[in-house]
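First comes the structure, then the notes that go with it.
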Amino acid sequence: MTIKTSRLGTIEIETERIIHFKEGIPGFEHLTKYVLLSPPELSPFHVLQSIEDGDISFIVSNPFIFKEDYAPYINKSVFEELEIEEDSQAVLFTIIVIPDDYTKMTANLMAPIIINSEKRLGKQIILDKGDYPIRYPIFQNLDGKVG
Amino acid sequence: MLVLTRKKDESIMIGNGVEVVVLGIDGDRVRIGIEAPKDVTILRKEVYLDVADTNKQAISSTIPTNITLDKIFLKKD
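Same order as they appear, the protein sequences are chains D and P. The first sequence begins at 1 in our numbering and counts up by one. The second sequence begins at 1 in our numbering and counts up by one.
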């Protein structure tokens with residue numbers, strides 16, 4: 001199928017790549033079908049694109065790239081809901097908010113997105129344990145560390 | 001919406017596994033205790049709304065084009 005997106009123009013989607021977010025994503029509860037796009041030139045970012053509304057897409061990234069010790073506690077019920085039986089089926093992303101000044105970009109570490117890449121099921125979970133911020137300033141935390 | 005009146009130390013049951021107890025009342029603040037299975041997520045509603053707001057903000061993010069992206073998260077010395 002072909003969809004028009006405001007971020008990446010007109011794109012061709014194979015229906016078997018559609019990821020189902022049964023409850024939508026907070027703020028966009030009505031949109032339940034997404035596709036994960038990974039144009040190499042955007043790496044380490046990916047685009048989580050709604051296929052029901054071409055104007056809705058999220059920039060996501062692997063949180064471990066910039067927060068190596070990230071260890072969200074995920075309830076067992078989430079694994080059941082997403083039919084995740086082995087760790088290798090699960091992929092974790094964090095939504096990135098990039099303002100005009102990109103050095104002020106933040107990652108939502110409190111509400112990661114977990115995807116079962118085999119069953120194509122996804123969910124944004126809100127961590128009720130631990131102390132991860134909704135707006136984790138990525139660059140402020142990279143600065144001052146020994147590389 | 002179902003509306004119930006409860007006194008201090010009284011509780012309500014939701015389904016089989018969730019109990020909500022009124023622990024105390026002090027002016028406009030109510031202390032609530034929640035007994036629920038470990039896999040039930042319990043959130044202050046404003047946290048959910050904050051996540052929703054952040055998501056709405058996130059859709060207007062633009063990826064910078066004037067920098068080398070693949071090294072963007074490399075730590076600085």
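The C-beta atom is built at its ideal place from N, Cα and C for all residues, glycine as well. In this text, all values refer to a predicted model and were calculated from it rather than measured experimentally.
Please state if the CB of Lys56(P) and the CB of Gly27(D) are separated by a distance shorter than 7 Å. Taking the first sequence and counting its residues from 1, one reaches residue 27(D) at position 27. Taking the second sequence and counting its residues from 1, one reaches residue 56(P) at position 56. Yes. Within cutoff.
Taking its Cβ as the centre, do 16 or more other Cβ atoms sit within 10 Å of Ile14(P), making it buried, or is it exposed? The count along the second sequence starts at 1 and reaches residue 14(P) at position 14. Answer is exposed; the Cβ neighbour count stays below 16.
Output the distance between the C-alpha atoms of Asp26(P) and Ile32(P), rounded to the nearest integer angstrom. Position 26 of the second sequence, counted from the start, is the residue given in the question as residue 26(P). Position 32 of the second sequence, counted from the start, is the residue given in the question as residue 32(P). Distance between the alpha carbons of Asp26(P) and Ile32(P) is about 12 Å.
Using 6 Å as the cut-off, classify the Cβ of Gly122(D) as near or not near the heavy atoms of the ligand SAM, replying yes or no. Looking for the ligand SAM in the displayed structure turns up nothing, as the structure carries no ligands at all.
Run down chain P in chain order and give the residues with a C-beta less than 9 Å from the C-beta of Leu42(D). Position 42 of the first sequence, counting from 1, holds the residue named residue 42(D). Within chain P, the residues near Leu42(D) are Ile63, Leu69.
Entirely within the segment 84-109 of chain D and at least 3 residues each: give me those beta strand (DSSP E) ranges in chain order. The segment 84-109 of chain D contains, as complete beta strand (DSSP E) runs of 3+ residues, the segments 90-97 (chain order).
Would you report the Cα separation of Val91(D) and Asn62(D), rounded to the nearest angstrom? For the purposes of this step, residue 91(D) is taken as residue 91 along the first sequence, with counting starting at 1. For the purposes of this step, residue 62(D) is taken as residue 62 along the first sequence, with counting starting at 1. One C-alpha to the other measures close to 9 Å.
How long is the line joining the alpha carbons of Ala71(D) and Asn116(D), rounded to whole angstroms? Within the first sequence, numbered from 1, the residue matching residue 71(D) stands at position 71. Within the first sequence, numbered from 1, the residue matching residue 116(D) stands at position 116. Near 18 Å, if we compare the C-alpha coordinates of Asn116(D) and Ala71(D).
What residue from Ser57(D), Gln124(D), Leu142(D), Thr106(D) has the CA that sits closest to Thr41(P)'s CA? Taking the second sequence and counting its residues from 1, one reaches residue 41(P) at position 41. Minimum Cα distance to Thr41(P) is reached at Gln124(D).
For Met1(P), count neighbouring C-beta atoms within 10 Å of its own C-beta (all shown protein chains included) and say buried if the count is 16 or more, exposed if not. For the purposes of this step, residue 1(P) is taken as residue 1 along the second sequence, with counting starting at 1. Around the beta-carbon of Met1(P), fewer than 16 other beta-carbon atoms lie within 10 Å, marking it exposed.
Keeping to the same chain, check which residues put their C-beta closer than 6 Å to that of Glu52(D); ignore five residues upstream and five downstream. Residue 52(D) sits at position 52 when you count from the first residue of the first sequence. In its chain, beyond the 5 residues on either side, Leu31, Lys33 have a beta carbon closer than 6 Å to the beta carbon of Glu52(D).
Tell me, please, whether the CB atom of Arg6(P) is closer than 7 Å to any CB atom in chain D? For the purposes of this step, residue 6(P) is identified with residue 6 of the second sequence, where counting begins at 1. Judged by the 7 Å Cβ criterion, Arg6(P) is not in contact with chain D.
Which bits of chain D does Ile42(P) rub up against, with CB to CB less than 8 Å? Taking the second sequence and counting its residues from 1, one reaches residue 42(P) at position 42. Neighbours of Ile42(P) on chain D, chain order: Asp128.
Hey, is Gly9(D)'s beta-carbon within less than 7 Å of any beta-carbon in chain C? The displayed structure is made up of protein chains D and P, and chain C is not among them.
If you count every other CB in all the chains shown that lies within 10 Å of the CB of Tyr73(D), and 16 or more means buried, which is it? By one-based count along the first sequence, residue 73(D) stands at place 73. By the neighbour-count rule (16 or more Cβ atoms within 10 Å), Tyr73(D) is not buried but exposed.
Taking Phe58(D) as the query, report the chain P residues whose CB atoms sit under 9 Å from its CB, ordered along the chain. Counting from 1 along the first sequence, the entry for residue 58(D) is found at position 58. Correct list: Asn55, Ala58, Ile59, Ser61.
By DSSP, does Val146(D) sit in helix, in strand, or in coil? Here residue 146(D) refers to the residue found at position 146 when the first sequence is read from its first residue. Only weak support is given to the placement of Val146(D): the predicted model assigns it a pLDDT of 41, under 50, and the question is left unresolved by the model.
Give the residues of chain P in contact with Lys22(D), contact being defined as C-beta atoms less than 7 Å apart. Translated into the one-based positions of the first sequence, residue 22(D) becomes position 22. Those do not exist, as Lys22(D) stays about 15 Å from chain P at its closest Cβ, beyond 7 Å.
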